[in-house]
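Structure, as structure tokens:
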Amino acid sequence: MNEYHYLQLNRKQRTYYKKIINAVANGDSDVRPFAFVGSEEIIKIAKAVNYDHPELFYVDFQHLDFLETPIGVVYQINYTVKASNRSFVVEQFEKKISDILKEAAQSNLRGEYEKCRWVHNYLIRHIKYNYE
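Using full-length UniProt numbering, the first residue of the sequence shown is number 1, and each one after it goes up by one.
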């Protein structure tokens, strides 16, 4: 497991981190309460998941919703892509990554600096922002 932010969490937080990962993998709408984990801690844990797992781009980790219950805080997951479209969007995303890596391989890049510069320049040339 090469998850830097996960390693910065304590044991209890790591357990909740795994609960978030499992909930997203299952397409669940929320993460059930865990003993003594409050909303402030969940924010920290969700940020760690976001930083460690960019492949979960379809989860909105910027806007977190919580439901206070008698047994604890429920984290309600906000998805940016509908469940019915998620597998298609992820598949398209993976295909695009594969295409970019093929293009990079054809460029005969040498050294880490050249590779980083190529990725930087590729992103600059190809990303279009929706400002609406």
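Note that the Cβ used here is the ideal one computed from N, Cα and C, for glycine as well.
Keep in mind the model is a prediction, meaning the values are calculated, not measured.
From residue i to residue j, what does the alpha carbon distance come to, in whole angstroms?
i: Pro54; j: Arg117; result: 20 angstroms
i: Leu123; j: Ile100; result: 10 angstroms
i: Phe34; j: Tyr16; result: 7 angstroms
i: Asn26; j: Leu7; result: 23 angstroms
i: Glu114; j: Glu103; result: 14 angstroms
i: Val90; j: Val59; result: 12 angstroms
Could you check what DSSP says for residue i in three-state terms: helix, strand or coil?
i: Gln76; result: strand
i: Phe66; result: strand
i: Asp99; result: helix
i: Val31; result: strand
i: Val89; result: helix
Please name the residue in the options whose C-alpha comes closest to that of residue i.
i: Phe66; options: Lys18, Tyr79 and Ile42; result: Ile42
i: Gln76; options: Lys128, Phe88, Asn50 and Asp30; result: Asp30
i: Arg11; options: Lys115, Ile45 and Asn2; result: Ile45
i: Val49; options: Lys19, Glu68 and Arg32; result: Lys19
What residue does the alpha helix (DSSP H) around residue i start on, and which one ends it?
i: Lys19; result: Arg11 to Asn26
i: Asn121; result: Gly111 to His126
i: Ile42; result: Ser39 to Asp52
i: Tyr6; result: Tyr4 to Leu7
Measuring CB atoms only, is the region 58-73 touching the region 29-38, in the sense that at least three cross pairs come out at less than 8 angstroms? yes
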